[in-house]
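**Student:** The structure is given below, and queries will be raised subsequently.
There are 2 protein chains.
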Amino acid sequence: MLAEIITIGDEILIGQIVDTNSAYISKELNKVGIKVYQITSVQDDRKHILQAFEDAKKHADLVIITGGLGPTKDDVTKQTFCDFFGDTLVEDPAVIDNVKELFKKYQLNKPLPANFRQAMVPSKATILMNQYGTAPGMWMDVDEVVFVSLPGVPYEMKHLLQEEVLPRVIKCFNRPHIYHKTLITYGLGESAIAERIADWENELPEDIKLAYLPSLGKVRLRLSATGKDKKALEKSVDSQMEILEEMLSDIAVGFEGETSIAELIGKILTEKGMTYSVAESCTGGRIASEITQYAGASSAFMGGIIPYDTGLKTKILGVPKNIIEQYNVVSIPVAEEMAKRCCKLFESDYSIATTGIAGPTKGDGEDEVGTVCIAIGTPNGVVSEKFSFGNDRYRVIEKAANKALEMLLKEISKN
Amino acid sequence: MLAEIITIGDEILIGQIVDTNSAYISKELNKVGIKVYQITSVQDDRKHILQAFEDAKKHADLVIITGGLGPTKDDVTKQTFCDFFGDTLVEDPAVIDNVKELFKKYQLNKPLPANFRQAMVPSKATILMNQYGTAPGMWMDVDEVVFVSLPGVPYEMKHLLQEEVLPRVIKCFNRPHIYHKTLITYGLGESAIAERIADWENELPEDIKLAYLPSLGKVRLRLSATGKDKKALEKSVDSQMEILEEMLSDIAVGFEGETSIAELIGKILTEKGMTYSVAESCTGGRIASEITQYAGASSAFMGGIIPYDTGLKTKILGVPKNIIEQYNVVSIPVAEEMAKRCCKLFESDYSIATTGIAGPTKGDGEDEVGTVCIAIGTPNGVVSEKFSFGNDRYRVIEKAANKALEMLLKEISKN
Chain B
1 MLAEIITIGD EILIGQIVDT NSAYISKELN KVGIKVYQIT SVQDDRKHIL
51 QAFEDAKKHA DLVIITGGLG PTKDDVTKQT FCDFFGDTLV EDPAVIDNVK
101 ELFKKYQLNK PLPANFRQAM VPSKATILMN QYGTAPGMWM DVDEVVFVSL
151 PGVPYEMKHL LQEEVLPRVI KCFNRPHIYH KTLITYGLGE SAIAERIADW
201 ENELPEDIKL AYLPSLGKVR LRLSATGKDK KALEKSVDSQ MEILEEMLSD
251 IAVGFEGETS IAELIGKILT EKGMTYSVAE SCTGGRIASE ITQYAGASSA
301 FMGGIIPYDT GLKTKILGVP KNIIEQYNVV SIPVAEEMAK RCCKLFESDY
351 SIATTGIAGP TKGDGEDEVG TVCIAIGTPN GVVSEKFSFG NDRYRVIEKA
401 ANKALEMLLK EISKN
Chain A
1 MLAEIITIGD EILIGQIVDT NSAYISKELN KVGIKVYQIT SVQDDRKHIL
51 QAFEDAKKHA DLVIITGGLG PTKDDVTKQT FCDFFGDTLV EDPAVIDNVK
101 ELFKKYQLNK PLPANFRQAM VPSKATILMN QYGTAPGMWM DVDEVVFVSL
151 PGVPYEMKHL LQEEVLPRVI KCFNRPHIYH KTLITYGLGE SAIAERIADW
201 ENELPEDIKL AYLPSLGKVR LRLSATGKDK KALEKSVDSQ MEILEEMLSD
251 IAVGFEGETS IAELIGKILT EKGMTYSVAE SCTGGRIASE ITQYAGASSA
301 FMGGIIPYDT GLKTKILGVP KNIIEQYNVV SIPVAEEMAK RCCKLFESDY
351 SIATTGIAGP TKGDGEDEVG TVCIAIGTPN GVVSEKFSFG NDRYRVIEKA
401 ANKALEMLLK EISKN
């Protein structure tokens with residue numbers, strides 16, 4: 001069975017926001033065996049929306065629509081959705097109650113007439129109550145295609161998808177299983193990988209699809225398959241993945257999963273009862289921010305220091321001034337001192353230290369823009385490496401943060 | 001004139017990546033007066049791609065395609081693109097040279113046959129040389145619709161768009177001007193705003209469009225217009241925006257621009273010759289990371305400390321232990337001490353301090369999940385406030401970081 005996603009909103013088409021809803025919905029639909037045929041972003045325009053609905057109906061069994069359900073004039077989705085099915089809007093008392101409750105819960109002023117207009121809904125639709133906003137979701141099952149309209153605010157959409165849409169989808173549709181497994185590799189380009197695995201790729205069973213996903217410094221290899229028998233499906237993909245991993249054992253670092261590298265580090269260290277900390281110069285808090293976005297980070301992460309100004313590396317962290325003067329602030333000896341002293345200051349077992357030139361100007365460094373020295377403090381000493389990450393500031397920070405976490409993971413996985 | 005964007009790749013439709021290319025392209029096209037009619041994401045599938053090309057041709061004068069140009073088997077865009085125009089692939093010696101140069105520049109091994117296959121290009125296409133990757137862009141001008149195919153790797157796409165595509169677009173098309181201006185407001189819901197400005201909204205000239213963009217704690221109000229006369233256009237939007245800002249003066253904090261709030265703070269302080277620093281507990285580096293992603297951050301930003309573990313607030317930052325014990329670690333007195341001591345430690349004029357419970361568990365705090373205390377250190381003392389940001393960890397961190405930067409901006413704008 002196939003789904004289509006339609007996201008509605010001028011803000012998407014003028015590039016004012018990035019549409020993250022589609023990726024979330026696609027991933028969740030895949031998990032329950034539903035393949036997404038197409039994602040279409042259209043304007044807040046009645047004619048355009050109707051056209052998109054017509055087109056989607058041709059391919060899909062399920063159409064998920066987000067956006068355009070707000071209480072203001074620029075939002076035309078609800079009326080258009082209603083008209084598409086030749087339906088009329090009627091007041092739903094349960095939505096009225098929900099609006100009142102929301103205003104009470106969030107201690108807002110009295111609801112306005114516009115808020116209560118959210119209770120006008122298509123008479124034939126099943127209403128999906130929104131606990132986090134005033135716009136309800138709508139489920140319309142007509143002519144064997146199900147259309148679902150959800151608000152565009154991400155957390156409202158996510159909540160409704162999880163609580164109301166997916167349980168209904170699982171009940172209503174006969175779905176196969178979809179299984180993806182993705183191997184992460186570092187250090188070899190996609191052409192070189194393709195050449196190395198060519199014989200194996202040519203012999204891959206027809207129902208297993210291989211995709212190459214290159215990005216900054218890494219290539220991900222994804223195997224995908226769809227089928228009725230979940231166990232057989234997983235077994236067949238897993239066994240091919242084993243062969244692939246074996247062939248690429250020198251460059252493979254693991255599989256992509258729900259767990260990010262920062263989360264994985266936190267879990268491993270928590271299990272070991274050990275701790276870590278960061279001293280970030282050129283990455284400016286990016287690594288700490290990555291670490292602390294996961295729940296439970298505090299059980300292994302002690303904290304961090306961002307000695308952005310060169311003098312602070314000495315003042316707060318205690319890196320000897322003569323080392324900075326002798327080797328330059330962007331250097332392996334300085335990175336290693338930072339890592340050692342970070343462990344000491346934060347009383348942690350491990351540490352990450354970064355010093356580099358993110359650009360676009362050279363700052364206090366002598367090297368080229370993009371030069372970054374990373375050191376990892378461990379209970380058995382320090383390891384370090386110097387990198388060139390190009391001349392785009394954003395990419396330098398991103399690559400350095402990824403590489404630093406990768407280096408730490410390697411160290412904590414040793415024992 | 002209208003454009004369409006087609007992004008190609010199974011990774012988008014299974015939700016493995018978020019399509020950020022479309023937003024970037026839309027924004028850049030808008031800047032040169034081109035409106036994007038629709039964005040469509042399709043699979044790495046020949047038939048599906050051909051269908052998308054056909055559909056796009058119906059509405060658009062310009063079709064920008066990204067993705068599927070890699071050297072591996074799963075990439076089918078180039079052959080499909082070529083076939084769509086009834087063209088044949090021929091070898092372009094300039095691309096061969098480019099591949100060789102790239103391998104030399106990045107000190108890679110000898111190019112493989114797969115890399116040289118990138119030089120097979122449609123005979124009728126104008127080739128757009130890619131300085132950062134082996135896949136060239138292709139510009140095809142047939143039947144009065146221009147189709148442009150670009151690689152999907154974001155920095156390769158951006159480079160080609162800026163250097164090769166936009167200059168050609170500006171030359172080839174007669175374009176109007178598009179002008180957007182967006183007012184940022186905090187503290188009032190969209191319905192309440194709509195009610196307050198209803199009379200003005202009803203009287204808005206037909207060619208100016210108003211949009212409401214609600215998100216975490218803020219509502220953005222965008223006015224958009226399109227026209228031939230750039231000056232008249234801007235004047236008419238700006239004068240309406242002035243009225244709007246006046247009506248919402250109690251909740252408006254400024255206009256959305258190229259400058260983010262963190263960048264703006266850096267600029268203002270640099271001009272004043274003043275500095276700032278951060279002490280982030282619950283925001284865990286998020287604020288510092290936001291600050292340091294902009295070039296030039298180092299001229300005003302001294303650095304930061306992330307005393308994630310409660311004991312570190314005393315040990316490194318020097319917050320008296322008895323204050324933490326008396327008031328609890330998540331409290332206004334602790335936030336204020338952190339802010340004061342942060343200024344001292346980093347020898348900065350201003351500081352931001354955050355302490356809170358991001359959740360999902362309470363940690364060392366006594367309050368509810370989502371409670372955050374923010375203090376701003378200034379040359380004239382400390383200001384602070386306590387907030388409830390809900391129970392979603394990611395949102396708590398995001399809201400706290402935004403609010404903290406907003407509070408600092410307010411302080412530095414006072415004199």
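Sequence lines, in order, name chains B and A. Counting from 1, one number per residue, gives the positions in the first sequence under the UniProt record's numbering. Counting from 1, one number per residue, gives the positions in the second sequence under the UniProt record's numbering. Every residue gets a Cβ at the ideal spot worked out from N, C-alpha and C, and that includes glycine. Since the structure is predicted, the reported quantities are computational estimates derived from the model, not experimental observations.
#1: Which whole-angstrom value is the C-beta distance of Asn115/B and Thr134/B, which I expect to be below 8 Å?
#2: Residues of the stretch 380-412 of chain B in Cβ contact with chain D at a cutoff of 7 Å, in chain order, please.
#3: Taking any Cβ of chain B, which residues in the stretch 175-194 of chain A have a Cβ under 9 Å from it, in chain order?
#4: Against chain B, does Ile316/A count as a neighbour if the rule is that its beta carbon must be under 8 Å from one of theirs?
#5: If you measure from the beta carbon of Leu108/B to each beta carbon in chain A, is any gap under 8 Å?
#6: Apply the 10 Å Cβ neighbour rule to Gln131/A and answer buried if 16 or more other Cβ atoms are within range, or exposed otherwise.
#7: Kindly list, in the order they appear in chain B, the residues whose Cβ is closer than 8 Å to that of Ile357/A.
#8: Count the other CB atoms, across all protein chains shown, that sit within 10 Å of the CB of Ala198/A; report buried if there are 16 or more and exposed otherwise.
#9: From which residue to which residue does the alpha helix (DSSP H) around Val237/A run?
#10: When the cut-off is 8 Å and only beta carbons count, does Ala279/A lie next to chain B?
#11: Mind checking whether Ser41/B and Ile17/B have CB atoms under 8 Å apart?
#12: Listed in chain order, which residues of the stretch 320-336 of chain B have Cβ atoms closer than 9 Å to some Cβ of chain A?
#13: Counting Cβ pairs, one atom from each stretch, are 3 or more of them under 8 Å apart for the stretch 297-307 of chain A and the stretch 277-289 of chain A?
#14: Write down every uninterrupted run of the alpha helix (DSSP H) in the stretch 182-235 of chain B whose length is 4 residues or greater and which is fully enclosed by it, in chain order.
#15: For Phe147/A, tell me which candidate among Ile65/A, Ile8/A, Ala52/A, Ala225/A has the shortest Cα-Cα distance.
#16: Got a sec: is the Cβ-Cβ distance from Gly15/A to anything in chain B below 8 Å?
#17: Going by Cα to Cα distance, which pick from Tyr294/A, Ser26/A, Met138/A is closest to Val95/A?
#18: Applying the criterion that 16 or more other CB atoms from any shown protein chain within 10 Å of the CB defines a buried residue, is Asp172/A buried or exposed?
#19: For chain B, check one thing: does any of its Cβ atoms lie closer than 8 Å to the Cβ of Ala375/A?
#20: Based on the DSSP output, what are the partners of Lys7/A in its beta bridges?
#21: Less than 8 Å between the C-beta atoms of Ile8/B and Asp55/B, yes or no?
#22: In chain order, which alpha helix (DSSP H) runs of at least 4 residues are fully inside the stretch 144-169 of chain B?
#23: Of the choices Gly86/B, Asp74/B, Ala297/B, Ile261/B, whose alpha-carbon is the least far from that of Thr270/B?
#24: Tell me which same chain residues have a C-beta within less than 7 Å of the C-beta of Thr20/B, skipping the five on either side of it?
#25: Taking 8 Å as the CB-CB limit, is Gly303/A close to chain B?
#26: Can you find a CB in chain A that lies within less than 8 Å of the CB of Ala295/B?
#27: Under the assumption that Ile412/B contacts Tyr350/B (Cβ atoms under 8 Å), give the Cβ distance between them as a whole number of angstroms.
#28: In whole angstroms, what is the alpha-carbon distance linking Phe255/A and Thr182/A?
#29: Classify Ser123/B as helix, strand or coil using the three-state DSSP reduction.
#30: Let me check one thing: in DSSP terms, what residues is Ser331/A bridge-paired to?
#31: Work out the CA separation of Ile5/A and Ser149/A for me, nearest whole Å.
#32: Of all the options Leu223/B, Leu248/B, Lys230/B, which has the alpha carbon lying nearest to the alpha carbon of Val237/B?
#33: For the 8 Å Cβ check, are there 3 or more pairs between the stretch 310-324 of chain A and the stretch 336-352 of chain A?
#34: At which residues does the alpha helix (DSSP H) containing Cys82/A begin and terminate?
#35: Determine whether the beta carbon atoms of Ile376/A and Met338/A lie at a separation below 8 Å.
#36: Give me the Cα-Cα distance between Lys410/A and Phe387/A, rounded to the nearest whole angstrom.
**Tutor:** Let's see:
#1: Confirmed, Cβ separation roughly 5 Å.
#2: Going by chain labels, chain D is absent from the structure shown, which instead holds the protein chains B and A.
#3: Of all residues in the stretch 175-194 of chain A, Ile178, His180, Thr182, Gly189, Glu190, Ser191, Ala192, Ile193, Ala194 have a Cβ within less than 9 Å of some Cβ in chain B.
#4: True, the Cβ-Cβ gap to chain B drops below 8 Å.
#5: Yes, contact with chain A.
#6: Gln131/A is exposed by the Cβ-count criterion.
#7: The premise fails here: Ile357/A is roughly 10 Å from chain B at the closest Cβ pair, so nothing lies under 8 Å.
#8: Under this definition Ala198/A is an exposed residue.
#9: Going by DSSP, Val237/A is part of the alpha helix (DSSP H) stretching over 230-247.
#10: With 8 Å as the cut-off, Ala279/A does not count as an interface residue toward chain B.
#11: Not in contact: Ser41/B and Ile17/B (Cβ atoms no closer than 8 Å).
#12: Flagged: no residues at all.
#13: Here the stretch 297-307 of chain A makes contact with the stretch 277-289 of chain A; the two share three or more CB pairs at distances below 8 Å.
#14: Counting only runs of 4 or more, we get 190-196, 198-202.
#15: Looking from the CA of Phe147/A, the closest CA among Ile65/A, Ile8/A, Ala52/A, Ala225/A belongs to Ile65/A.
#16: Closer than 8 Å to some Cβ of chain B, the Cβ of Gly15/A qualifies, so yes.
#17: Restricting attention to Tyr294/A, Ser26/A, Met138/A, the CA atom closest to the CA of Val95/A is found in Met138/A.
#18: The residue asked about is misnamed: residue 172/A is Cys in this sequence, not Asp. Exposed, by the Cβ-count rule.
#19: Using a CB distance cut-off of 8 Å, Ala375/A does not count as an interface residue toward chain B.
#20: Reading off the sequence shown, one finds Thr at residue 7/A, where the question assumed Lys. Bridge partners of Thr7/A according to DSSP: Ser41/A, Thr66/A.
#21: Their beta carbons are not under 8 Å apart, which means Ile8/B does not touch Asp55/B by this criterion.
#22: Secondary structure within the stretch 144-169 of chain B: the alpha helix (DSSP H) runs of 4 or more consecutive residues, fully enclosed, are 154-160 (chain order).
#23: When only C-alpha atoms are compared, the closest one is Ala297/B.
#24: Closer than 7 Å at the Cβ level, and outside the excluded window around Thr20/B, lie Pro154.
#25: For Gly303/A, a Cβ of chain B is located within less than 8 Å of the residue's own Cβ.
#26: For Ala295/B, the answer is yes, since a Cβ of chain A falls inside 8 Å of its Cβ.
#27: Between Tyr350/B and Ile412/B the Cβ distance is about 6 Å, and since that is below 8 Å, they are a contact.
#28: Distance between the alpha carbons of Phe255/A and Thr182/A is about 6 Å.
#29: If DSSP states are grouped into helix, strand and coil, Ser123/B belongs with coil.
#30: DSSP, once it has assigned bridges, lists no residue as partnering Ser331/A.
#31: Distance between the alpha carbons of Ser149/A and Ile5/A: 10 Å.
#32: Comparing Cα positions, the closest option is Leu223/B.
#33: Because the criterion of three Cβ pairs below 8 Å is met, the stretch 310-324 of chain A and the stretch 336-352 of chain A touch.
#34: That run of the alpha helix (DSSP H) goes 77-84.
#35: Their beta carbons are not under 8 Å apart, which means Ile376/A does not touch Met338/A by this criterion.
#36: Straight-line Cα distance between these residues: approximately 17 Å.
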